[in-house]
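What follows is a set of notes on a single structure, which appears directly below.
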Amino acid sequence: SDLKAQIAANHKGILLLRELVASHSLAFIHSTMRAVQQNASDAVRGALSRLSVRCGLPDVGTLAAEDFMDDGSRIKLAITIDRNSQSLDSA
Numbered sequence: 007s008d009l010k011a012q013i014a015a016n017h018k019g020i021l022l023l024r025e026l027v028a029s030h031s032l033a034f035i036h037s038t039m040r041a042v043q044q045n046a047s048d049a050v051r052g053a054l055s056r057l058s059v060r061c062g063l064p065d066v067g068t069l070a071a072e073d074f075m076d077d078g079s080r081i082k083l084a085i086t087i088d089r090n091s092q093s094l095d096s097a
């Protein structure tokens, strides 16, 4: 039933996007989506840069975390943040 709910939600999303394109234009929708994605990217980069400063990392430094799923599976993440280039790399 979860899969059916996901499929139904996707169909609803398709219908809503078609309505937006019909009332505006495909070019406008693409432009708006790109702007939203760029805004999100900028916000995440800024947040990670501020976090690296708060954690006392050098201009290029790595944060690491580890946690466990309900079934005991381990999740490990390491993010190297470069404040100079506003880039990051994860492992």
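No gaps in the numbering here: position 56 of the sequence shown is 62 in the numbering used here, and each next residue is one more. Ideal Cβ placement from N, Cα and C applies to all residues, glycine included. Note that the structure is a prediction, hence the values are computed from the model and not measured.
- I87 counts as buried, since at least 16 other C-beta atoms from the protein chains shown sit within 10 angstroms of its C-beta.
- Look at D8 here: in three-state DSSP terms it is helix.
- Taking 9 Å as the cut-off, the Cβ atoms of D73 and I85 do not count as close.
- Going by DSSP, S91 is part of no beta strand (DSSP E) at all; its letter is neither H nor E.
- Counting only the Cα atoms, A33 lies some 13 Å from R24.
- Assigned with DSSP and collapsed to three states, A14 falls in helix.
- A straight-line Cα-Cα distance of about 42 Å links S37 and D77.
- R56 is not a Cβ neighbour of L94, given a cutoff of 9 Å.
- G19 and V27 have their C-alpha atoms spaced approximately 12 Å apart.
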